[in-house]
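J.: Chains as they are written, first to last, in our numbering: chain H, 1 to 198; chain S, 1 to 198. Here it is: the structure, laid out below.
Protein chains: 2
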Amino acid sequence: MNILCLDLEGVLIPEIWQAVAERAGLGELNKTTRDIPDYGELMGYRMDVLARADLRFSTIRAVIDGLEPLPGARAFLDWAREGWQVIIVSDTFYEFANPLMARLGHPTLFCHHLQVRDDRIAGYRLRQPDPKRSVVKALKSLNFPVMAAGDSYNDIPMLEEADKGILFSAPERVRREHPQFAAAESYGDLRALLGAQN
Amino acid sequence: MNILCLDLEGVLIPEIWQAVAERAGLGELNKTTRDIPDYGELMGYRMDVLARADLRFSTIRAVIDGLEPLPGARAFLDWAREGWQVIIVSDTFYEFANPLMARLGHPTLFCHHLQVRDDRIAGYRLRQPDPKRSVVKALKSLNFPVMAAGDSYNDIPMLEEADKGILFSAPERVRREHPQFAAAESYGDLRALLGAQN
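Written out as structure tokens, the structure is:
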């Protein structure tokens with residue numbers, strides 16, 4: 001039995017910050033780790049945008065409550081959970097993701113925590129440095145073979161550390177810079193690549 | 001967000017070997033880690049019993065396919081998955097447990113593999129030594145607070161390693177020998193003990 005580590009945003013659900021950007025009319029929130037690879041820098045930028053707009057946490061949560069998993073995501077995930085122990089490894093926050101996890105059938109999620117005060121996002125706490133790579137290392141320490149799939153720069157350490165890494169729906173730039181990883185464009189592609197390994 | 005490590009047999013599903021003992025009329029298979037604390041010794045004993053009876057793997061699987069989670073287990077687990085990242089940590093085998101995991105909503109399961117040849121159980125492969133303690137250690141290395149609940153001797157290392165360990169429906173002997181752990185007799189008790197921590 002292998003473990004499958006899956007990124008969340010862009011793989012199973014929409015990019016949360018981009019959805020907030022659209023609904024709140026804050027185009028500056030459209031940047032992702034695809035644009036600013038350094039996560040700390042990106043989060044600092046987002047916090048500044050939120051503070052300037054004085055956007056409430058409950059407003060953001062209402063946007064997230066209105067999101068649905070990507071089309072086909074639940075069916076893919078249900079299929080994957082028959083053959084793998086699936087762990088979602090994300091740089092999002094439990095406070096954001098929880099409503100969507102219920103719609104995905106409560107897969108195990110390893111991510112981070114937000115600090116919310118007076119209905120405003122006051123900060124965030126990364127669980128540890130290099131979080132995605134660390135998860136794969138910990139699972140390998142339990143003698144599990146680990147596969148991993150993700151779409152963006154912050155997934156690269158996880159894909160590197162896994163026994164097999166797959167880029168899913170990744171921008172061309174990411175694929176070009178990391179030709180060592182197989183690339184899947186659809187859940188069908190991903191099922192074929194995973195099925196060949198199980 | 002804390003992680004909750006749950007034992008499987010005796011906590012969420014019936015004891016598989018005892019069910020096989022009953023249905024196959026092999027009373028010798030009724031022994032558990034409650035009776036023979038050393039898991040290797042217990043498994044050697046079980047393998048001998050199976051070989052002498054020439055019991056087929058498919059016969060055992062048919063027994064397991066007929067099992068249901070313990071009454072209230074699914075509701076308890078659904079509740080737990082709202083507030084914790086739940087990981088089932090068991091000394092059973094994927095080849096046994098998979099049908100039951102579907103009925104529990106596919107929680108993440110860390111356990112072991114059987115070796116099946118010619119429809120007979122030919123052996124088994126423990127994922128690693130001290131497997132339950134190792135899982136908790138790995139999760140703590142990811143900076144997750146970890147709670148753990150189990151019913152038997154093989155759970156003690158997991159309960160010791162966790163930030164908080166709970167004995168669930170454990171025999172009096174186990175409770176007496178490990179007074180350091182809170183004891184829950186029902187899912188209601190367990191919810192109360194867990195809820196007080198979250």
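We put the beta carbon where it would ideally sit given N, CA and C, even for glycine.
Can you list, in chain order, the residues of its chain whose CB lies under 7 Å from that of Ile-36/H, leaving out five sequence neighbours each side?
T.: These residues qualify, in order along the chain: Leu-42, Tyr-45.
J.: Spatial neighbours of Pro-14/H within its chain, please: C-beta separation below 7 Å, excluding the five flanking residues on both sides.
T.: Leu-67, Leu-70
J.: Determine whether the Cβ of Ala-73/S lies closer than 8 Å to any Cβ atom of chain H.
T.: no
J.: Which residues does DSSP list as the beta-bridge partners of Met-226/H?
T.: Residue 226/H lies beyond the range of chain H shown here (1 to 198); nothing can be said about it.
J.: Pick helix, strand or coil for Leu-70/S, following the three-state DSSP scheme.
T.: Secondary structure of Leu-70/S (DSSP, three-state): coil.
J.: At which residues does the alpha helix (DSSP H) containing Asp-11/H begin and terminate?
T.: One detail in the question is off: residue 11/H reads as Val in this sequence, not Asp. According to the DSSP assignment, Val-11/H belongs to no alpha helix (DSSP H), since it is labelled neither H nor E.
J.: Strictly below 8 Å CB to CB, what residues from chain S border Gly-105/H?
T.: Taking a Cβ-Cβ cut-off of 8 Å, the neighbours of Gly-105/H in chain S comprise Gly-105, His-106, given in sequence order.
J.: Three or more C-beta pairs closer than 8 Å, one from the region 123–134 of chain S and one from the region 162–180 of chain H: is that the case here?
T.: no
J.: State buried or exposed for Asn-30/S, treating a residue as buried only when at least 16 other CB atoms are found within 10 Å of its CB.
T.: exposed
J.: What is the rounded straight-line gap between the Cα of Leu-100/H and the Cα of Asp-65/H?
T.: 7 Å
J.: Counting C-beta neighbours from all protein chains within 10 Å, is the total for Asp-155/S 16 or more, i.e. buried, or is it exposed?
T.: Under this definition Asp-155/S is a buried residue.
J.: Can you list the residues of chain S that Gln-128/H reaches, using a CB-CB cut of under 7 Å?
T.: Correct list: Leu-142, Asn-143.
J.: Reducing DSSP to helix, strand and coil, say where Thr-108/H ends up.
T.: strand
J.: Could you name the residues that DSSP lists as bridge partners for Trp-84/S?
T.: Its beta-bridge partners are Asn-2/S.
J.: So who's on the other strand from Phe-200/S, going by DSSP bridges?
T.: This structure cannot settle anything about residue 200/S, because the visible part of chain S is limited to 1 through 198.
J.: Which residues mark the beginning and the end of the alpha helix (DSSP H) in which Gly-27/H is found?
T.: Careful: Gly-27/H lies outside any alpha helix (DSSP H) and carries neither H nor E.
J.: Can you confirm whether Ser-134/S, when its beta carbon is compared against all beta carbons of chain H, has any partner nearer than 8 Å?
T.: yes
J.: Using the Cα positions of Glu-160/H and Ala-170/S, report the straight-line distance between them to the nearest angstrom.
T.: Distance between the alpha carbons of Glu-160/H and Ala-170/S: 43 Å.
J.: For the beta strand (DSSP E) containing Tyr-124/H, name the first residue and the last one.
T.: 120–125
J.: Between Ala-53/H and Glu-95/S, what straight-line distance do the alpha-carbon atoms span, to the nearest angstrom?
T.: 54 Å
J.: In chain S, what lies closer than 8 Å to Arg-61/H by C-beta?
T.: Close to Arg-61/H, with beta-carbon spacing below 8 Å, lies no residue of chain S; the smallest spacing is near 16 Å.
J.: Measuring alpha carbon to alpha carbon, tell me which of Ile-88/S, Val-63/S, Leu-114/S, Leu-55/S ends up nearest Leu-8/S.
T.: If we check each option's Cα against that of Leu-8/S, Ile-88/S comes out closest.
J.: Taking Cβ positions, are Ile-166/H and Ala-184/H nearer each other than 8 Å?
T.: yes
J.: Check Ala-75/H in the structure and name its three-state DSSP category.
T.: helix
J.: Could one say the Cβ of Arg-191/S lies closer than 8 Å to chain H's Cβ atoms, at least one of them?
T.: No, no contact with chain H.
J.: Using a C-beta to C-beta distance shorter than 7 Å, which residues of chain H count as neighbours of Ala-162/S?
T.: Under a criterion of Cβ atoms nearer than 7 Å, no residue of chain H is adjacent to Ala-162/S; the nearest Cβ is some 15 Å distant.
J.: Find the nearest neighbour of Trp-84/H within the set Ile-60/H, Ala-149/H, Gln-18/H, Ile-16/H, judged by alpha-carbon distance.
T.: Ala-149/H
J.: Hey, quick one: how far does the alpha helix (DSSP H) through Ala-192/S stretch, first residue to last?
T.: 187–195
J.: So if DSSP puts Ala-184/S in a beta bridge, which residue, or which two residues, is it bridged to?
T.: BP columns for Ala-184/S point to Phe-168/S.
J.: So, under 8 Å CB-CB, Thr-16/S and Thr-92/S are touching, yes? Tell me the CB distance rounded to an integer number of Å.
T.: Per the sequence presented here, residue 16/S reads as Ile, with Thr not at that position. Confirmed, about 6 Å.
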